[in-house]
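Trainee: Structure incoming, see below.
In the working numbering, the protein residues as written are 1336 to 1779.
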């Protein structure tokens, strides 16, 4: 590493002031009325639509697109919210290119699907801008439910329970509700405080109290909650971060990518966030892509994502990989971190070992290469680090049945913390909704 790079290190304000707003502007600008109608007219309104089957929340996609095409965006929003009260955020962050849009018949016929995600945003944005509420609370039941975690799963569960007339108290360890949507996604995917706008919209149904700064295991335990509430829903997400397992990973300049993304999301002035000149990101999922792109947008000169397997094995979609490449991020495959290089306790580079597949298993090849770096982000997955003696775990996460019920008769769970979750906002919303219906049925 050059002496100049060592002197510069990690620093803020790498770009001209006006560049930051431009770099972090909306990834997909909203459609106007004309654009939405033109796009809606491309839909075939398929019977037994494959796009609907591909949606984890099973939104009636042909129906809401038809409603847009007939000039009824509020009707379209109601169709969306019937299945997914977080439809606004999902329209922004859902990997539609691998879900509904990949299944679109237009994709099969032309290689160009209907822009389902952008049409969903068009409708839900109008409803939220007008504060159009489609749901009123049922008569109060007197039942009390505790929801732990105010992320997508918890919000979806709380809203549906409140709709059924139950009283809900949400607890979250962070200062703000929103979970992954507030702290864990790229800033350019949901700018201008949209995550909190959606939280406010959801909570406006009434019957939901939110207590932030309250953590399970620290401020209360599961036994206390089940004793004082008729039911409990766990939407805890994944708070643990996997170790790099590389020599020297404690060096200054190595940090968790999810913390970097959260800091950026909460920053009042992103120009003040320090970023390295040469940044390396370890991982192959959405967090790695988000961290890599945002490092580049903050002014890093070189950003390299290193993944231990091949392109086809990456959890990040092809669209996201191409987005990273378009932003100047280099993605290298078949490389695993071996040693963090440092001088005076600060990162100077990363030694990586070449890998390959042998008999279907990842194998180290022995040969190594080195990348210069003054900052390294770990994006190698998160883990569920809560220990519950009253709830059965499977594969390191909470085991649930088809109704999202745990082994405890009064406890349900959903989202990333449950076994089989796929770490998507839309799946968490589906879990929360389904658990709420199961809880309501059990209490009735």
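All residues carry an ideal CB built from backbone N, CA and C; glycine is no exception.
Decide if residue 1711 is buried, meaning its Cβ has at least 16 other Cβ atoms within 10 Å, or exposed.
Mentor: buried
Trainee: Given 8 Å as the limit, is there contact between the segment 1729 to 1748 and the segment 1635 to 1642, that is, 3 or more CB pairs closer than that?
Mentor: no
Trainee: What beta strand (DSSP E) runs, 3 residues minimum, are completely inside the segment 1475 to 1505?
Mentor: 1479 to 1483
Trainee: Do residue 1531 and residue 1513 have their CB atoms nearer than 8 Å?
Mentor: yes
Trainee: With a threshold of 8 Å on Cβ separation, who are the neighbours of residue 1741 within its own chain once the five nearest residues in sequence on each side are excluded?
Mentor: 1569, 1726, 1727, 1733, 1734, 1735, 1747 and 1748
Trainee: Taking the beta carbon of residue 1692 as the centre, do at least 16 other beta carbons fall within 10 Å, making it buried, or is it exposed?
Mentor: exposed
Trainee: Could you give the distance in angstroms between the alpha-carbon of residue 1441 and the alpha-carbon of residue 1413?
Mentor: 25 Å
Trainee: Have a look at the DSSP bridge pairing and note the partners of residue 1705.
Mentor: Note: residue 1705 sits in a beta bridge opposite 1686.
Trainee: Among 1778, 1625, 1633 and 1695, which one has its Cα closest to the Cα of residue 1827?
Mentor: Because the chain is modelled from 1336 through 1779, residue 1827 falls outside the range shown and cannot be assessed.
Trainee: Give me, in chain order, the residues of the same chain whose beta-carbon lies closer than 6 Å to that of residue 1637; leave out the 5 immediate sequence neighbours on both sides.
Mentor: Take residue 1637, set aside five residues on each side of it, and the residues of its chain with a beta-carbon closer than 6 Å to its own are 1613, in chain order.
Trainee: Check whether the segment 1391 to 1406 touches the segment 1448 to 1460, taking contact to mean three or more Cβ pairs, one atom from each stretch, closer than 8 Å.
Mentor: yes
Trainee: Below 8 Å, can you find three or more Cβ-Cβ pairs linking the segment 1350 to 1359 to the segment 1600 to 1613?
Mentor: yes
Trainee: Rounded to whole angstroms, what's the CA-CA distance from residue 1336 to residue 1704? Just pull it up for me.
Mentor: Low per-residue confidence applies at residue 1336: pLDDT is 36, beneath 50, and the placement is therefore not dependable enough to give any value.
Trainee: Would you mind reading off the limits of the beta strand (DSSP E) that contains residue 1393?
Mentor: Per DSSP, residue 1393 belongs to no beta strand (DSSP E) and is neither H nor E.
Trainee: Figure out for me which residue from 1467, 1629, 1688 and 1504 has the closest Cα to the Cα of residue 1549.
Mentor: 1504
Trainee: Given residue 1620, which residues of its chain have a CB within under 6 Å of its CB, disregarding the five upstream and five downstream residues?
Mentor: 1650 and 1651
Trainee: Can you find a CB in chain B that lies within less than 8 Å of the CB of residue 1691?
Mentor: Absent from the structure is chain B; it holds one protein chain and no more.
Trainee: Based on DSSP bridge pairs, tell me the residues matched to residue 1543.
Mentor: Paired residues: 1503.
Trainee: Along the chain, where does the beta strand (DSSP E) that runs through residue 1567 open and close?
Mentor: Looking at the DSSP string, the run of the beta strand (DSSP E) that includes residue 1567 is 1566 to 1569.
Trainee: Find the nearest neighbour of residue 1372 within the set 1386, 1359, 1407 and 1393, judged by alpha-carbon distance.
Mentor: 1407
Trainee: In whole angstroms, give me the CA-to-CA distance for residue 1596 and residue 1345.
Mentor: If you draw a straight line from the Cα of residue 1596 to the Cα of residue 1345, it comes to about 16 Å.
Trainee: Thinking just about the alpha-carbon of each residue, which of 1765, 1460, 1752 and 1436 is nearest to the one in residue 1364?
Mentor: 1460
Trainee: Leaving out five residues on either side along the sequence, give the residues of the same chain with a beta carbon under 6 Å from the beta carbon of residue 1523.
Mentor: 1359 and 1362
Trainee: So residue 1362 is in the alpha helix (DSSP H); what residue range does that whole segment cover?
Mentor: For residue 1362, there is no enclosing alpha helix (DSSP H), as DSSP gives it neither H nor E.
Trainee: How many whole angstroms separate the CB atoms of residue 1688 and residue 1700, which I take to be in contact at a CB cut-off of 8 Å?
Mentor: Right, their Cβ atoms sit about 7 Å apart.
Trainee: Between which residues of its own chain and residue 1645 is the CB-CB distance below 7 Å, once the five residues before and five after are set aside?
Mentor: 1668 and 1669
Trainee: Have a look at residue 1529 and residue 1495 and give me their C-alpha separation to the nearest angstrom.
Mentor: Using only the alpha carbons, I get a separation of about 21 Å.
Trainee: Look at the alpha carbon of residue 1423 and the alpha carbon of residue 1678, and state the distance between them as a whole number of angstroms.
Mentor: Between residue 1423 and residue 1678, the alpha-carbon positions lie close to 47 Å from each other.
Trainee: For residue 1725, name the three-state secondary structure that DSSP assigns.
Mentor: Coil.
Trainee: Should the segment 1483 to 1502 be called in touch with the segment 1760 to 1775, which here means at least 3 C-beta pairs below 8 Å?
Mentor: yes
Trainee: Name, in chain order, the residues that DSSP records as bridge partners for residue 1733.
Mentor: 1728 and 1753
Trainee: Could you have a look at residue 1820 and say whether DSSP puts it in helix, strand or coil?
Mentor: Outside the displayed range of the chain (1336 to 1779) lies residue 1820, so it cannot be described from this structure.
Trainee: Starting from the N-terminal side, write out each stretch of the alpha helix (DSSP H) that is 4 residues or longer and does not extend beyond the segment 1435 to 1474.
Mentor: Within the segment 1435 to 1474, the complete alpha helix (DSSP H) runs of at least 4 residues are 1435 to 1438, 1440 to 1445 and 1451 to 1464.
Trainee: For residue 1399 and residue 1497, I'd like the C-alpha separation in whole angstroms.
Mentor: 25 Å
Trainee: Can you tell which of 1630, 1584, 1579 and 1585 has its C-alpha closest to the C-alpha of residue 1598?
Mentor: 1630
Trainee: Look at the Cβ atom of residue 1428, then the Cβ atom of residue 1760, and state whether they are nearer than 8 Å.
Mentor: yes
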